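Residue numbers (full-length UniProt numbering): 1 to 251. Where a beta carbon is used, it is the ideal one built from N, C-alpha and C, also for glycine. Keep in mind the model is a prediction, meaning the values are calculated, not measured. Notes follow the structure.
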Ligand SMILES: Nc1ncnc2c1ncn2[C@@H]1O[C@H](COP(=O)(O)OP(=O)(O)OP(=O)(O)O)[C@@H](O)[C@H]1O
């Protein structure tokens, strides 16, 4: 079976319907990227998958013994608290020096062990968060906008690192990204979310879908359109939303 599966999942947050009718399965070793406008439920989806949020309807099934590493969208560290990278990696559980060195190596963060967390650059900080998620040798690595705050070269380097993790450790990757060109080139599958799954499939299938174009358009204008997208179409039934090879659901 897949590493993790969601079937017909709804999530309500404080009276707000954040997700409706979401079906999703992540298989061993694949890279799946979620795109969608602000507030479209991307973080909610990731947090439901890792078990931090409970669906109000539907099921989340994890394969037996599956290990999931989670890199949150942001993490604030108290600037007055002295905390080295090594100590940070040992929260909440201690790890051997070898395990920490290996994780830092796979995250592209060699040599940062004794640095203060608050002194790290944005790119180094993200790599340390990645290293922390790698400590448990995850079958599935879940990353919520891992390149937030990084410039373009920094983002590209981090995405290359993530792909390297898949090659080195064989982890499947599920991530949220706003960087469309990267999504298209580096992902096996793309899922467009807007409270429900608008559109999903291989990058080229999604790229040619009207729903994707309504969200993203092309070029810079398209990227801006992402943030202006209104939810102006209707939900179809759950049965209509499931397509084996990826499909787009709203005319
Ligand atoms: N605790 C909460 N109570 C009520 N509504 C919430 C709560 N948390 C999130 N929401 C709402 O649920 C929706 C989905 O939020 P979520 O953070 O999953 O979106 P997102 O796609 O990750 O957004 P962004 O791109 O801005 O990070 C939003 O409309 C948000 O305002």
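Select from the options the residue whose C-alpha is nearest the C-alpha of residue i.
i           : options           : result
residue 93  : 5, 166, 135       : 135
residue 143 : 131, 203, 154, 91 : 131
residue 63  : 86, 185, 26, 83   : 26
residue 115 : 141, 145, 83, 139 : 83
residue 47  : 71, 124, 159      : 71
residue 73  : 208, 43, 140      : 43
residue 39  : 195, 201, 208     : 195
residue 140 : 97, 120, 32, 41   : 32
residue 99  : 69, 137, 67       : 137
What residues in its chain sit with their C-beta under 8 Å from that of residue i, if we drop five residues either side in the sequence?
i           : result
residue 161 : 107, 108, 127, 130
For residue i, report the span of its beta strand (DSSP E) as first-last.
i           : result
residue 60  : 57 to 62
residue 18  : 16 to 26
residue 86  : That residue, residue 86, is in no beta strand (DSSP E); its alpha helix (DSSP H) goes 85 to 89.
residue 179 : First-last for residue 179: undefined, no H or E at that position.
residue 49  : Where residue 49 is concerned, there is no enclosing beta strand (DSSP E), although the alpha helix (DSSP H) it sits in stretches over 42 to 49.
residue 5   : 4 to 13
State the start and end residues of the unbroken alpha helix (DSSP H) segment that holds residue i.
i           : result
residue 166 : 152 to 169
residue 176 : Element bounds for residue 176: not the alpha helix (DSSP H) but the beta strand (DSSP E), 172 to 176.
residue 148 : Where residue 148 is concerned, there is no enclosing alpha helix (DSSP H), given that its DSSP letter is neither H nor E.
residue 190 : No alpha helix (DSSP H) contains residue 190, which is instead part of the beta strand (DSSP E) from 189 to 193.
residue 67  : Taken as a continuous stretch (DSSP letters only), residue 67 belongs to no alpha helix (DSSP H), as it is neither H nor E.
residue 100 : 97 to 106
residue 113 : Counting along the chain, residue 113 falls outside any alpha helix (DSSP H), and DSSP gives it neither H nor E.
residue 122 : 122 to 134
residue 205 : 203 to 207
Quick one: residues in its chain with C-beta nearer than 6 Å to the C-beta of residue i, no 5 flanking neighbours on either side, listed in chain order?
i           : result
residue 170 : 29
residue 212 : 192, 199, 206
residue 103 : 131, 134, 135
residue 150 : 122, 123
residue 13  : none
At a threshold of 7 Å, does residue i count as lining ligand 1 (C-beta to nearest heavy atom)?
i           : result
residue 40  : yes
residue 89  : no
residue 18  : yes
residue 49  : no
residue 149 : no
residue 174 : no
residue 84  : no
residue 169 : no
residue 69  : no
residue 65  : no
residue 75  : no
8 Å is my cut-off, CB to CB: does residue i come that close to chain D?
i           : result
residue 151 : In the structure shown, chain D cannot be found, because there is only a single protein chain.
Kindly list the residues whose CB is nearer than 7 Å to the CB of residue i, restricted to its own chain and excluding five residues on each side of it in sequence; keep chain order.
i           : result
residue 124 : 109, 112
residue 11  : 18, 19, 44, 48, 53, 55, 56
residue 118 : 77, 79
residue 228 : Note that residue 228 scores a pLDDT of 37, beneath 50, so its modelled location is shaky; the value from the coordinates is reported in the next line. Contacts found: none.
residue 221 : Per-residue confidence for residue 221 stands at a pLDDT of 43, beneath the threshold of 50, marking its modelled position as unreliable; the derived number appears in the next sentence. Excluding sequence neighbours, residue 221 sits near nothing in its chain.
residue 224 : The pLDDT assigned to residue 224 is 35, lower than 50, so where the model puts this residue is not dependable; a value taken from the coordinates is nonetheless given after this. Answer for residue 224: no residue qualifies.
residue 186 : 31, 159, 163
residue 1   : 63
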